[in-house]
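Presented below is the structure to which this report refers.
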Amino acid sequence: MKKILSLVLALTILAMGAAAFAESAGEIGFLPPAMTSPFYASCIEGATPVAEANGYTLTIMAPGAEDDYAEQMSMMEDMITRGVKAICVCGINLDALIPGIKKANEAGIPVVMFNTITEIEGAEVYAYSGYNQYNGGANIADWVNAQTGGEAKVAIIEGLPSDYTTQRMGGFVDRCKELYPGIELVATQPGDWVREKGMNAALDMIQAHPELTVIYGLSDEMALGAVQACKQLGREDIICVGLDGNPNAFESVKAGELNATLSCGPVAIGANAVAAAIDAINGVERTEKIIEAPTVVVDSTLVDDYL
40 MKKILSLVLA
50 LTILAMGAAA
60 FAESAGEIGF
70 LPPAMTSPFY
80 ASCIEGATPV
90 AEANGYTLTI
100 MAPGAEDDYA
110 EQMSMMEDMI
120 TRGVKAICVC
130 GINLDALIPG
140 IKKANEAGIP
150 VVMFNTITEI
160 EGAEVYAYSG
170 YNQYNGGANI
180 ADWVNAQTGG
190 EAKVAIIEGL
200 PSDYTTQRMG
210 GFVDRCKELY
220 PGIELVATQP
230 GDWVREKGMN
240 AALDMIQAHP
250 ELTVIYGLSD
260 EMALGAVQAC
270 KQLGREDIIC
280 VGLDGNPNAF
290 ESVKAGELNA
300 TLSCGPVAIG
310 ANAVAAAIDA
320 INGVERTEKI
330 IEAPTVVVDS
340 TLVDDYL
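Last residue of the sequence shown: 346 in the working numbering, with the numbers rising by one and none dropped.
This is how it looks when you write it as structure tokens:
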């Protein structure tokens with residue numbers, strides 16, 4: 040956590056030194072997939088001071104729902120029409136976003152993608168600011184193994200069909216197959232990144248598989264839904280773990296409800312995305328497109344450092 044805060048502070052200080060008295064240099068578009076998860080509020084928290092210190096206004100737009108591909112595309116087109124200087128975008132679905140990125144390319148507007156380091160083909164992206172989601176899933180598998188002594192019956196609450204779901208789930212499943220034969224995946228069900236749907240998915244899977252000992256939600260919101268389901272069914276013996284490192288997830292860990300979450304450095308991800316966008320505007324050439332934030336599984340032994 041201290042490393043992330045230091046990174047954001049360093050970026051902000053450098054930016055302030057470059058443009059402390061600059062007038063507004065224009066707009067940088069910032070486009071999350073929705074504001075369902077507090078993760079994106081943390082990204083904005085990191086992005087805003089870097090933009091402002093360089094004289095830019097951070098123009099934020101977000102669809103009303105995580106699955107509204109059409110609205111996200113419309114918002115991206117609106118940013119292009121407004122003539123923003125650069126666009127930072129976290130796509131609901133990476134392939135569905137390619138036409139919008141192409142339009143930005145044609146308009147000469149650089150694009151930075153955040154919350155992903157998966158490079159896309161068919162359009163030009165200046166940089167990717169995120170974390171290794173596959174490795175994050177593997178880290179959670181390591182943690183589950185340590186907590187359960189290598190014996191567990193696991194249910195996974197999936198997000199919407201996307202690279203995010205594939206990577207977060209794949210890292211966990213592959214690590215267990217490779218190293219932890221006693222950790223068995225019993226059931227999976229979609230929760231669409233939403234807490235209520237995550238709760239309903241957990242209820243269904245617990246009732247169908249009462250032998251479950253662990254529920255892994257591929258986002259904090261879905262994992263917090265699983266916590267609610269466990270309370271409702273009186274199954275507080277089930278370990279619930281999420282992924283995002285959202286403030287409300289840390290609070291739940293502190294309260295002894297959610298057992299753990301993967302901290303993914305959202306503040307640093309937002310700051311790094313806007314810093315890269317400013318480099319793109321200034322014509323800085325990059326030899327490495329990937330800007331990776333560190334991850335750590337935060338449980339009750341570490342949570343005080345993250346609150």
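Idealized CB from N, CA, C, for every residue including glycine.
Within 9 angstroms, strictly: CB atoms of residue i and residue j
{"i": "V336", "j": "T252", "result": "no"}
{"i": "S352", "j": "I159", "result": "Summary: the structure shown does not reach residue 352, with the chain confined to residues 40 through 346, and so no result is reported for it."}
{"i": "A312", "j": "A166", "result": "yes"}
{"i": "G273", "j": "E235", "result": "no"}
{"i": "A135", "j": "A101", "result": "no"}
{"i": "I179", "j": "T227", "result": "no"}
{"i": "T334", "j": "L297", "result": "no"}
{"i": "C269", "j": "Y170", "result": "no"}
Unbroken beta strand (DSSP E) run spanning residue i, endpoints
{"i": "D283", "result": "278–283"}
{"i": "I99", "result": "95–99"}
{"i": "Y255", "result": "253–256"}
{"i": "P102", "result": "Run containing P102: none; DSSP gives neither H nor E here."}
{"i": "C127", "result": "125–128"}
{"i": "V323", "result": "Looking at the DSSP string, V323 is not in any beta strand (DSSP E), and its letter there is neither H nor E."}
{"i": "L272", "result": "It is not in any beta strand (DSSP E) - L272 instead sits in the alpha helix (DSSP H) that spans 259–272."}
{"i": "V337", "result": "335–337"}
{"i": "I222", "result": "222–229"}
{"i": "E331", "result": "329–331"}
Chain D within 9 angstroms of residue i, Cβ atoms only
{"i": "T87", "result": "Chain labels in this structure do not include chain D; a single protein chain is all it has."}
Neighbourhood of residue i by C-beta, 7 angstroms cutoff - its chain only, sequence neighbours within 5 removed
{"i": "V342", "result": "F289, V292, K293"}
{"i": "S113", "result": "none"}
{"i": "G188", "result": "none"}
{"i": "Y219", "result": "A180, N184, G189"}
Close Cβ partners of residue i (< 6 angstroms) along its chain, the five nearest in sequence each way excluded
{"i": "Q172", "result": "Q206, R207"}
{"i": "P229", "result": "E197"}
{"i": "S201", "result": "N132"}
{"i": "D231", "result": "L199"}
{"i": "G68", "result": "T98, M118, V123, I126"}
{"i": "T326", "result": "none"}
{"i": "P350", "result": "Here the chain has residues from 40 to 346 only, and residue 350 is not among them."}
{"i": "M261", "result": "I196, G230, G237"}
8 angstroms CB neighbourhood of residue i in its chain, flanking five on each side removed
{"i": "K142", "result": "M115, E116, I119"}
{"i": "K328", "result": "E158, V164, Y165, A166, Y167"}
First and last residue of the uninterrupted alpha helix (DSSP H) at residue i
{"i": "E190", "result": "Unbroken run through E190: none, as it is neither H nor E."}
{"i": "T87", "result": "77–92"}
{"i": "I137", "result": "133–145"}
{"i": "V164", "result": "No alpha helix (DSSP H) holds V164; DSSP gives it neither H nor E."}
{"i": "T120", "result": "108–121"}
{"i": "T204", "result": "202–218"}
{"i": "G348", "result": "Coverage of the chain is limited to positions 40 through 346, which leaves residue 348 absent and any answer about it impossible."}
{"i": "M74", "result": "Note, M74: premise wrong, no alpha helix (DSSP H); not H, not E."}
{"i": "L242", "result": "234–247"}
{"i": "A292", "result": "Reading off the sequence, residue 292 comes out as Val, not Ala. Start and end: 286–293."}
Anticipated Cβ contact below 8 angstroms, residue i with residue j, distance rounded
{"i": "V183", "j": "I222", "result": "6 angstroms"}
{"i": "S76", "j": "D283", "result": "6 angstroms"}
Residue i Cβ short of 8 angstroms to the ligand ZN heavy atom set
{"i": "P72", "result": "The model depicted lacks the ligand ZN and carries no ligand whatsoever."}
- Item | Cβ contact (3+ pairs, closer than 8 angstroms) linking the segment 206–219 and the segment 236–251 | When Cβ pairs closer than 8 angstroms are counted between the two stretches, the segment 206–219 is seen not to touch the segment 236–251, the count staying below three.
- Mind the definition here: the segment 314–321 touches the segment 121–131 only if three or more C-beta pairs lie below 8 angstroms; say whether that holds. With the cut-off at 8 angstroms, the segment 314–321 and the segment 121–131 touch.
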